[in-house]
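If you're matching them up, the sequences are chains X, V, A and F in order. All letters in the first sequence, in the order written, are residues 441 to 677 by our numbering. All letters in the second sequence, in the order written, are residues 145 to 442 by our numbering. All letters in the third sequence, in the order written, are residues 9 to 402 by our numbering. All letters in the fourth sequence, in the order written, are residues 2 to 237 by our numbering. Remarks on the structure that follows.
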Amino acid sequence: MTKRVTEGPAGYMPQSAPEMGVELAPEGSALLYGNVVTPEEAMRDAAIALLTRDNPTIFPGPQVLWDWKDDVAEKAAAILDLASEIPNCKIIPMPDYRPKYPKIDVKAEINPNHPNLTILDNRIKACVFVGVHCHYANLSLRMIRAGTDCYTTALCAYMGHEEAMASIRDLHASDIQKFKEIVIEERNKLGIEWETTLPPENPSLQKEDYSTLSPADYGEYRSLIMTKKGEHVTEVE
Amino acid sequence: MSLKYITPAERFKKYLPKDYVELVDYGPFGKTQDEAGPGNMGQFKELMEEHPMCSGCWMAYYIRLIFASLPQPEETVTLGTAGCGRLAISQAAVPFIYGNYGDQNAMASGLTRAFRLRFPDKHKDVITIAGDGGTMDIGFSMTMHSWIRGEKFTTIMLDNEVYGNTGGQESGMSPKGAILKMAPLGKKGEKMPATELAKAAGCVYTVRMSPTNIKKAAKIIRRAIFVAREVGPTFIHAYTSCNIEYSIPTEDVFADAKEKEKTRFQFEEYMTDEAKAVIERVEAEEKAAKRAKKAEVV
Amino acid sequence: MDASQRPQLEKKKVDINYLLKEAPREQHFITGAQAMAEAVKRANVDMAIAYPITPQSEVMHLVGDIYAQGHIKEYYRAEEELGTMSAIAGAARAGVRLFTATSGPGLLRGLEAIVSWSGHRVPAVLGILTRVVNAPLSIQPDNIEMAYMMHCGAVMLHAENQQDTFDYTLAAFAITEKVDVYIPVAVATEGFFVTHAKGYVDMFDEEYALNDFDPVAAPVPAMDNETPPARIQRDAPVQKSNFMSYLIHSVWQQEIWDSNKRAMKYIYEYLGGPIEVQNPEADVFVLGSGCAAAQCREAHRYAQEDGLSVGFVKVKAIRPFPTNEIRDALKNAKAVIVPEHNIIGWLCKEVKAAIPNGGIVVEGPRVYGGMTLPVELIMKEIHTALGLEYDLKL
Amino acid sequence: MAEQKKRERYNIRISGLGGQGVVTTAHILGSTMDNAGKYASLVPFFGSEKRMAPVEAYVRASNQPIYEVGEVVYPDIIMIYHSQVVTHGKSYTMPFYTGLKPNSLIIINTDFDVLTEDDIKVLEDLNATVVQFDATALALKIAGTELATNMAMMGMLLGLTKLVSTENIEAAVRERFLGTSFVSSGGTAMLDSAIEKKFKKKEQLLEANMNVINKTFEMADSVDISGSELIVRFDI
Chain X
441 MTKRVTEGPA GYMPQSAPEM GVELAPEGSA LLYGNVVTPE EAMRDAAIAL LTRDNPTIFP
501 GPQVLWDWKD DVAEKAAAIL DLASEIPNCK IIPMPDYRPK YPKIDVKAEI NPNHPNLTIL
561 DNRIKACVFV GVHCHYANLS LRMIRAGTDC YTTALCAYMG HEEAMASIRD LHASDIQKFK
621 EIVIEERNKL GIEWETTLPP ENPSLQKEDY STLSPADYGE YRSLIMTKKG EHVTEVE
Chain V
145 MSLKYITPAE RFKKYLPKDY VELVDYGPFG KTQDEAGPGN MGQFKELMEE HPMCSGCWMA
205 YYIRLIFASL PQPEETVTLG TAGCGRLAIS QAAVPFIYGN YGDQNAMASG LTRAFRLRFP
265 DKHKDVITIA GDGGTMDIGF SMTMHSWIRG EKFTTIMLDN EVYGNTGGQE SGMSPKGAIL
325 KMAPLGKKGE KMPATELAKA AGCVYTVRMS PTNIKKAAKI IRRAIFVARE VGPTFIHAYT
385 SCNIEYSIPT EDVFADAKEK EKTRFQFEEY MTDEAKAVIE RVEAEEKAAK RAKKAEVV
Chain A
9 MDASQRPQLE KKKVDINYLL KEAPREQHFI TGAQAMAEAV KRANVDMAIA YPITPQSEVM
69 HLVGDIYAQG HIKEYYRAEE ELGTMSAIAG AARAGVRLFT ATSGPGLLRG LEAIVSWSGH
129 RVPAVLGILT RVVNAPLSIQ PDNIEMAYMM HCGAVMLHAE NQQDTFDYTL AAFAITEKVD
189 VYIPVAVATE GFFVTHAKGY VDMFDEEYAL NDFDPVAAPV PAMDNETPPA RIQRDAPVQK
249 SNFMSYLIHS VWQQEIWDSN KRAMKYIYEY LGGPIEVQNP EADVFVLGSG CAAAQCREAH
309 RYAQEDGLSV GFVKVKAIRP FPTNEIRDAL KNAKAVIVPE HNIIGWLCKE VKAAIPNGGI
369 VVEGPRVYGG MTLPVELIMK EIHTALGLEY DLKL
Chain F
2 MAEQKKRERY NIRISGLGGQ GVVTTAHILG STMDNAGKYA SLVPFFGSEK RMAPVEAYVR
62 ASNQPIYEVG EVVYPDIIMI YHSQVVTHGK SYTMPFYTGL KPNSLIIINT DFDVLTEDDI
122 KVLEDLNATV VQFDATALAL KIAGTELATN MAMMGMLLGL TKLVSTENIE AAVRERFLGT
182 SFVSSGGTAM LDSAIEKKFK KKEQLLEANM NVINKTFEMA DSVDISGSEL IVRFDI
């Protein structure tokens, strides 16, 4: 198989995959490196990438992060099941799409306006996009391919993404479960020992030790600290 | 009231960044003004916190006030156009539509009508928040015609009497004689009579003000939204100084707003009888709800 | 009265393939304006916004009538075209099916909004009933405004006659709403020559209508407070900063043109492909779009009758432009005659750029400023290309 | 055939944070080249953000006329004014070495080793030389103000590349602080007045700046940038 869409960095201003002639896979198929394959083939390649490359990460988007539709809970559960089977997998969400001022916390989130900040800072070499609206997923996948060497997988509820190394279309929770089974199979084949473990919670949620914290620790953001009702701050800097 | 789209999927909550979790837990969605209104600013997670406006910007303060005053932020969409305001508005946790130059009231017309046909049983509050240039110069025709057609949404004009974002040019709302870029000899014409135009064009509720009193400013914002839901177009013309282009020292920004309240931005509130009826009803309801809650606590 | 309080007609909601390919049809003798309005009537449109300009007005009058009859939920006359096109963009954010139409100067007035529709991912159908835009004023047919539309990212279909106008308009609604497309689709046809002229149109019964618009199946979230995320700015101003990639605007533009490209498979599915070819083995081709295609078709028939080796290519899709298809169709051509209804010859330029041997393209005949394009002018070019005499006086 | 003069051409990308004198450096560098009878072109870039936000400026310096415009995408010299440019990605260009050409020079102002193993591998593959020193500490030590950090950085660059003499630099610095020359932004004007207050006379300010530059020239003399070592460190 000739790989048409591969890990980057593809350069300063690369052609988009559709411009290179890659077309979306028809129903029942998947894309792998820009070629039409069976979903299982694509999943297997993605599984190996997630198992063998550094810092595998799942980027869940708004469509699975927020409880707006009936099928969200099931998909969310399936995504966490999948993440639990990938050794040292992280979950870094893309909770929304606005350009966030002044800057995103690259350990805590990924943003479609500059996804590479998160990819590069966390040295992510294999990732999965799921639940991100197609427009923003395409922008992100394209910038990641342009500027990083990260292997990208797109799990899409609609027609998939030309820009990803592996793209699964018409995704349901059951497909995520199937992907998980393939991950386990490949993991066993590779002889990787792993006990099913949920990824760590979002690092931004870790409780701060307020007894030792001073506003000065917030550096340039200290002006943003506000007192809670009834709280009195006696010492400032 | 639909809070579903701002409720995290149960199992994903611990994977969300802190500011989103706090937005859900401590934000103003689904809360009353007593719980999360401008009176309590600083004690709940605001819809907009960090923004790239200049320090001491009175417009940034008023925009925060708008978001804190929304009767139902979870059912609100804002629209805006080029200018300083959008830098802050786009950082709020309320959908914001940014189109082309000065087209916010035309877009809002389409949006409001589409909401009404898609969601006949819900109030979706639509608010355009644009500057004096966007509202009264480049967007003039679209602003006026949205009022003439009686479109049911709220227009808020952030009047800093200058094109701030493009570097300080004269606008139709600049006062006569002001020496600004593109008016090197001083502005020749008068400041446009925005609220008069609004009344003539059919706005059922118009206010001109310098928002120096938080409670009053919040009440006006809410009145404008409630009336727009039921009666017709509403308009707030608010003074939001540009301390950079008019060289107002940061510490004098409030004093300047107070001073303008006595001159070009004297408080003026106009409402039709129909609008008045809505305001009286809604405010009575709010009062009753407050009393009932108090009784409950006691 | 709010749109939601208006009585709605009961319809059989069906899939676009059923409408275009299976629903039983009957022949009618109607104008192009009627054909476009009849398509809108059957497209289950939520909202249409009108503003008058000749020769488009006829279309939006008729759409107003079908709104009054309850086929459309919301309709109003806007202030002018920029207001119209902006309101379409605003309504699109709420997740509804939209239609409007305009002509020449109106298109240009609305163009600031229209050029941003694609980038803002506005799925709407725009009728373009072509007209002169140059000074001095004229209301005559001339399709020069399409040249301005060609670089906006929108999908553009060019209808040859009343039948095409009906079919393309219906197909346009299906194409614009595809998750992998979701950019506007413009359906153009010539003012007066088609809009005000009657032709035969096979139509299915108006009890059938296209399935409801699904605002969830979209590449961007509807800004309706029902679809996450809450913090959206679908149309963010993106400029270089440390939280914006250098590439963000470029990849966004790429995505628009990729979406345009993805529309091609639907053009195959619903219109049978972006071009129609007759007599593919011919030496000399006549190639045209819109009304010019009708003139070419006629010239092709005359040539066949005279035993001349002439082929015919009709270009249905202007965007995405069928580069490969045209290159393939013309691979053995010795000459290609491209008649057009405008002075700049935008189609001619596209064809020249599409084929490796642009020198075989004959520029014209072209007419503009409202003039008719006589088939005889095309016949003359055919004869010249074949080295034959053609006696055409005046 | 007339002997073709060898083309000396440096495309320089300067990344730092607002207030560090990134754009000012670009302007002085430009004037320096001009004073030396050579050529320069510069492109400042300000983002929409403010304090402590990234700033990038680009300078092209040559002994021959320069025609191209725009940002330097493929630099052969990168100057990093703040360690956060590397560690926090506070640069418009992420990672900071994006586009670096082979056999190039990187000058970093830092008081610790900022490069990660991955960075080092990339830079080794490019056969780059990294000169790492605490320019801020040097500025404080010699001129008594952090605001001379940009002088230390510029001095190191010119000392290493030998593009111009210290006389040329002095003329440019003099022009910058004593002349009524270009002011890059309102913020810069504010910093200028701050630094001028610090020194009673502008001459003193000039002298302090030149002392920093002379010191960095001295330091640069001890470095062989064509050597095999990737990172050259200095104790301040």
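We treat Cβ as the ideally placed atom computed from N, Cα and C, and that holds for glycine.
*CA-to-CA distance, residue 563 of chain X to residue 488 of chain X, given in whole angstroms*: 18 Å
*asked:* Less than 9 Å between the beta carbons of residue 58 of chain A and residue 83 of chain A, yes or no?
replied: yes
*Just the chain V side, please: which residues come within less than 7 Å of residue 513 of chain X by C-beta, in chain order?*
153, 154
*What are the partner residues of residue 474 of chain X, as DSSP defines its beta bridges?*
In DSSP, residue 474 of chain X forms no bridge with anything.
*So what does residue 39 of chain A bridge to, in DSSP terms?*
A:206
*Compute the Euclidean distance between the alpha carbons of residue 350 of chain A and residue 543 of chain X, then round it to the nearest angstrom.*
51 Å
*Go through the region 214-261 of chain V residue by residue and report every complete run of the alpha helix (DSSP H) that reaches 4 residues or more, in order.*
229-233
*asked:* Please state whether the Cβ-Cβ distance between residue 557 of chain X and residue 568 of chain X is less than 9 Å.
replied: no
*asked:* Taking the beta carbon of residue 44 of chain A as the centre, do at least 16 other beta carbons fall within 10 Å, making it buried, or is it exposed?
replied: buried
*How should residue 3 of chain F be labelled, buried or exposed, when 16 other C-beta atoms within 10 angstroms of its C-beta is the threshold for buried?*
Low per-residue confidence applies at residue 3 of chain F: pLDDT is 47, beneath 50, and the placement is therefore not dependable, though the value from the model is reported in the following sentence. By the 10 Å Cβ count, residue 3 of chain F comes out exposed.
*When you compare only the Cα positions, how much space is there between residue 166 of chain F and residue 81 of chain F?*
23 Å
*Grab the span of the alpha helix (DSSP H) containing residue 355 of chain A for me, first residue to last.*
354-362
*Helix, strand or coil at residue 637 of chain X according to DSSP, with G and I counted as helix*: coil
*asked:* Taking 9 Å as the threshold (beta carbon to beta carbon), is residue 456 of chain X in contact with chain F?
replied: no
_Amino acids of chain X, ordered along the chain, whose beta-carbon sits closer than 7 Å to that of residue 182 of chain V_ = Going along chain X, no residue has its Cβ under 7 Å from residue 182 of chain V, so there is no contact; the nearest lies around 14 Å.
*asked:* What does the Cβ neighbour count give for residue 320 of chain A, buried or exposed, with the cut at 16 atoms within 10 Å?
replied: buried
*Using a Cβ-Cβ cut-off of less than 8 Å, give me the residues of the region 554-588 of chain X that come near chain A, in sequence order.*
554, 555, 556, 557, 573, 574, 575, 576, 578, 579, 582, 583, 586, 587
*Assuming residue 237 of chain V contacts residue 167 of chain V (C-beta within less than 8 Å), just tell me the rounded distance between them.*
6 Å
*Mind checking whether residue 282 of chain V and residue 299 of chain V have CB atoms under 9 Å apart?*
no
*Report yes or no: is there a C-beta of chain V within less than 9 Å of the C-beta of residue 443 of chain X?*
no
*Just tell me which of A:101, A:173, A:395, A:382 has its CA closest to the CA of residue 227 of chain A.*
A:101
_Neighbouring residues, chain X, relative to residue 90 of chain F (Cβ below 8 Å)_ = 546, 557, 560, 561
*Does residue 399 of chain A come within less than 9 Å of chain V when only Cβ atoms are used?*
no
*For residue 107 of chain A, does the count of other Cβ atoms within 10 angstroms reach 16, so buried, or fall short, so exposed?*
buried
*Taking 9 Å as the CB-CB limit, is residue 203 of chain V close to chain A?*
no
*Measure the alpha-carbon distance for residue 158 of chain V versus residue 123 of chain F and round it to whole angstroms.*
36 Å
_Cβ closer than 9 Å: which chain X residues qualify as neighbours of residue 119 of chain F?_
563
_Which residues in chain X have a C-beta closer than 7 Å to the C-beta of residue 269 of chain A? List them in chain order._
458
*asked:* Please list, in chain order, the residues of the region 244-268 of chain A that have any C-beta partner in chain X closer than 7 Å.
replied: 244, 246, 250, 251, 252, 253, 255, 256, 258, 259, 260, 262, 263, 266
*Between the C-alpha atoms of residue 157 of chain F and residue 220 of chain F, what's the straight-line distance to the nearest angstrom?*
8 Å
*Report the three-state DSSP secondary structure of residue 14 of chain F (helix, strand or coil).*
strand
*Is any heavy atom of the ligand PLP found at a distance shorter than 8 Å from the C-beta of residue 256 of chain V?*
With respect to small molecules bound, the structure shown includes none, and the ligand PLP cannot be examined in it.
*Taking residue 206 of chain V as the reference, which of V:156, V:188, V:383 has the closest Cα?*
V:383
*asked:* Counting only beta-carbon separations shorter than 9 Å, does residue 348 of chain V have a partner in chain A?
replied: no
*May I ask which residues mark the beginning and end of the beta strand (DSSP E) holding residue 403 of chain A?*
No information on residue 403 of chain A is available, as it lies outside the stretch 9 to 402 that chain A covers here.
*Under the assumption that residue 518 of chain X contacts residue 607 of chain X (Cβ atoms under 8 Å), give the Cβ distance between them as a whole number of angstroms.*
Contact flag wrong, Cβ pair sits at about 18 Å.
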